[in-house]
Amino acid sequence: MSAAGVIAIAGCVQLDLAGRRCGDGHDCLDAFICSDGHCLRRDTLPPCEGTADCDGVDLCIDGVCLPSPVPAAPMPAGPFCQPLPEPSGAVVEVSEVERLIELADGAASPGDTLLVADGVYGFASDPLKVSVPDLTIRAASGDAARVIFDGRGAAEEDVVDIVTTGFSLADVTVLGATDNAFKADGEEVASNGLRIHRSRVVDAAIGGIVLAQTVFAVDGGEISCNRVELTDAGRALDGCAEREAISLRTTAGWTVRDNLIVGFYCLDEPAPAAILVTESSADTVVERNVIVDARVGIQLGTSDASVQRVHPGDPCGAGIEVRGHFRGVVRNNFVSGLGAALAGSANGFEAGIVLERACETIVVHNSTAGPADRPAIVVRGAESTGVVVHNHLGTGPRALQDGAPAPLDVGGRYDASTSSFVDAEAGDLHLLPGSGAEDAGDPGPAPGARADDIDGAAVVDGEPDQGADEL
């Protein structure tokens, strides 16, 4: 038996005729090893000294190669998704869940880096509470497929509960959180300067990455290069309408970039937007994200007027008036809602980008693809003042709702064909030659204008294409 806390080893049971599974309180026999709830014979499994000896996404656990509980899937890549810099402080290697919990909640020193060994770490009993300032937790292998934080079986617990400043997490997968996969809510202390990077969330019951100011600020961080997904199994669980991918409430100064979000819709009830920033949040930058088959792709602001945060400088000239979002940039994103399962759901695809009671928002060079009668952009509410839309490319109209003033909209197109894109249904909204979008954008400067496209390609000819991709 290896270190306690690794699900593939600890708490194993003999799978018998009564149908009991690993984790139900009985050990596997010595000749067996427990893998994701099943006892497997050791002598049928390939031996290994490390995960490099195993094929695919198999993990080397206690000397044998075991299948990962998470199917392989592509992660965001490219020039903006490089690994975190090398550690500058002390480095501590961790391979046991109890030790990881102990270090994160006080035993480590500020500025330490915890390198987590390959394996499946169970958090059904206790969450990973992070209270050490400026701590970094990252996979030693740099591969999120090989370090899995398993939240299944917990009693409505967050998996990673952040109660500190300056925390960074990279290259892990969180599977089956019974509440939120990652949460910082400012109830105990301020949680500023956080970063969640190159990680994966699968089927969190409530939220993938959830950040909110309740008492203290949760400001000035970055959510980058993550994959957040809702599968058919997660969608079928009760409470689908609460399931969020990335949610920020009453925050300021966050960047949400280069993430891949897949499948955030419900079969018979409305799901939240895949990226939702609201409750008087301010100065959010949402850029270079790819969103596939969500009811709503990106939303700044909602109709909820119950939460007010006063930001310095009286943004939007609002005084004490409550807004859903103050200032913001939505730039170089792909949003696609053409999947058959989404179309067959109760709500289907409703909109690519929604601004609701969101003032002084810059929406520049985005591409949206959905049914032709579903809006690319919705501006909602009389408080949505000072909105600028620049060089948008969409397959559906722009809609004004609930007394919203018309934005300044320049250089856009709202009747594009899905054949303009490489593979619109799969979410690949890169342009094809002859789409009509090439060099069709407005060349004039715009607030929040881009220096490059969704892939980092520079716009060098002074004739920008419409949408997020530059041919």
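The sequence shown: position 5 = 1222 (our numbering), numbered continuously.
Here a beta-carbon is modelled for each residue, glycine too, at the ideal position from N, C-alpha and C.
Quick caveat: nothing in here was measured; it's all calculated off a predicted structure.
Indicate the three-state DSSP secondary structure (helix, strand or coil) for glutamate 1496 in the structure shown.
-> Looking at glutamate 1496 - three-state DSSP - the assignment turns out to be coil, as it is neither helix nor strand.
Could you tell me whether the Cβ atoms of leucine 1386 and arginine 1355 are closer together than 8 Å?
-> Yes, Cβ-Cβ distance for leucine 1386 and arginine 1355 is below 8 Å.
Glycine 1451: first and last residue of the uninterrupted alpha helix (DSSP H) it sits in | Glycine 1451 -> alpha helix (DSSP H) spans 1449-1453.
What is the DSSP secondary structure of threonine 1330, counted as helix, strand or coil?
-> Threonine 1330 falls in the strand class under three-state DSSP.
Taking the Cβ atom as the reference point for each residue, do glutamate 1642 and leucine 1648 lie within a distance shorter than 8 Å?
-> Contact flag unset, no.
Simplified DSSP assignment, three categories, for aspartate 1241 | For aspartate 1241, the pLDDT reaches just 47, beneath the cut-off of 50, and the residue's location in the model is therefore unreliable, although a value from the coordinates is still provided. Under the three-state reduction of DSSP output, aspartate 1241 falls in the coil class, being neither helix nor strand.
Chain-order list of residues whose beta-carbon lies under 7 Å from that of proline 1624 (same chain, five-residue window excluded) = Sequence-distant partners of proline 1624 (beyond 5 residues in either direction) whose C-beta falls short of 7 Å from its own C-beta, in its chain, are Val1596, Val1604, Val1605, Val1606.
Alpha-carbon spacing of isoleucine 1318 relative to alanine 1674, whole angstroms | Taking the straight line joining both Cα atoms gives about 42 Å.
Please confirm whether glutamate 1374 and proline 1344 have their CB atoms less than 8 Å apart.
-> The answer is yes: Cβ separation under 8 Å.
Would serine 1497 be called buried (16 or more neighbouring beta carbons within 10 Å of its own) or exposed?
-> Classification for serine 1497: buried.
When we look at the beta-carbon of arginine 1474 and count the other beta-carbons within 10 Å, is it buried (16 or more) or exposed?
-> Result: buried.
Do alanine 1568 and proline 1592 have their C-beta atoms within less than 8 Å of each other?
-> Cβ distance < 8 Å, so alanine 1568 and proline 1592 count as in contact.
Does the separation of the CB atoms of phenylalanine 1551 and leucine 1646 fall below 8 Å?
-> Yes, the Cβ-Cβ distance between phenylalanine 1551 and leucine 1646 is below 8 Å.
To the nearest angstrom, how far is it from the Cα of glutamine 1683 to the Cα of alanine 1633?
-> For glutamine 1683 and alanine 1633, the distance between alpha carbons rounds to 10 Å.
Run the CB neighbour count on aspartate 1396, radius 10 Å, all protein chains shown included, and call it buried at 16 or more, exposed below.
-> Aspartate 1396 comes out buried.
Please go through the same chain and pick out, in chain order, the residues whose beta-carbon is closer than 7 Å to the beta-carbon of aspartate 1590, but skip the five residues on each side of it.
-> Spatial neighbours of aspartate 1590 in its own chain (CB-CB distance under 7 Å, excluding positions within 5 residues in sequence) are listed in chain order as Gly1613.
DSSP beta-bridge partners for glutamate 1373?
-> For glutamate 1373, no pairing in a beta bridge is given by DSSP.
Quick one: what does DSSP say alanine 1663 is sitting in, helix, strand or coil?
-> DSSP places alanine 1663 outside both helix and strand once states are collapsed to three, so it counts as coil.
What's the call for valine 1513, buried or exposed, on a 16-neighbour Cβ count within 10 Å?
-> Buried is the call here.
Use the C-beta contact count for proline 1286: other C-beta atoms within 10 angstroms, 16 or more gives buried, fewer gives exposed.
-> Burial call: buried.
Integer Cβ distance of valine 1524 from threonine 1602, believed to fall under 8 Å = Going by Cβ atoms, the distance from valine 1524 to threonine 1602 rounds to 20 Å, so no, they are not a contact pair.
Distance between arginine 1363 and aspartate 1275 (C-alpha atoms, nearest Å) | The straight-line gap from Cα to Cα measures roughly 8 Å.
Check cysteine 1457 in the structure and name its three-state DSSP category.
-> Note: cysteine 1457 maps to helix in three-state DSSP.
Work out the CA separation of glycine 1661 and alanine 1421 for me, nearest whole Å.
-> The straight-line gap from Cα to Cα measures roughly 43 Å.
Please say whether leucine 1352 and aspartate 1378 have beta carbons closer to each other than 8 Å?
-> Cβ atoms of aspartate 1378 and leucine 1352: not closer than 8 Å.
Determine the DSSP secondary structure at glutamate 1439, reduced to helix, strand or coil.
-> It is a strand residue.
With DSSP run on the structure shown, which of helix, strand or coil describes leucine 1636?
-> For clarity, residue 1636 is serine in the given sequence; the question names leucine instead. Here DSSP, grouped into helix, strand and coil, assigns serine 1636 to helix.
Could you have a look at leucine 1317 and say whether DSSP puts it in helix, strand or coil?
-> Leucine 1317: helix per DSSP, three-state reduction.
Is it buried or exposed for glutamine 1430, if we count other Cβ within 10 angstroms and need 16 for buried?
-> Using a 10 angstroms sphere on the CB of glutamine 1430, the tally of other CB atoms reaches 16 or more, which defines it as buried.
Might you give, ordered along the chain, the residues of its own chain that have their beta carbon closer than 7 Å to the beta carbon of arginine 1259, omitting 5 neighbours on each side?
-> The beta carbon of arginine 1259 lies closer than 7 Å to those of Ala1248, Phe1249, Ile1250, Val1281 in the same chain, with the five residues before and after it left out.
CB valine 1309 to CB alanine 1334, shorter than 8 Å?
-> No, Cβ-Cβ distance for valine 1309 and alanine 1334 is not below 8 Å.
Report the residue from Asp1279, Thr1495, Ile1423, Asn1443 whose alpha carbon sits nearest the alpha carbon of alanine 1488.
-> Ranking the options by Cα distance to alanine 1488, first place goes to Ile1423.
Give a yes or no on whether the minimum CB-CB distance between cysteine 1277 and chain B is below 8 Å.
-> The structure shown has no chain B; it contains just one protein chain.
Would you call proline 1529 buried or exposed, if buried means 16 or more other Cβ atoms sit within 10 Å of its Cβ?
-> The residue in question, proline 1529, is exposed, as its Cβ has fewer than 16 Cβ neighbours within 10 Å.
Start-end ranges of the beta strand (DSSP E) lying completely within the region 1357-1431, minimum 3 residues = Segments of the beta strand (DSSP E) lying fully in the region 1357-1431: 1364-1367, 1377-1379, 1385-1387, 1390-1392, 1397-1401, 1412-1414, 1417-1419, 1424-1429.
Would a C-beta distance cut-off of 8 Å place alanine 1663 and isoleucine 1594 closer than the cut-off?
-> Their beta carbons are not under 8 Å apart, which means alanine 1663 does not touch isoleucine 1594 by this criterion.
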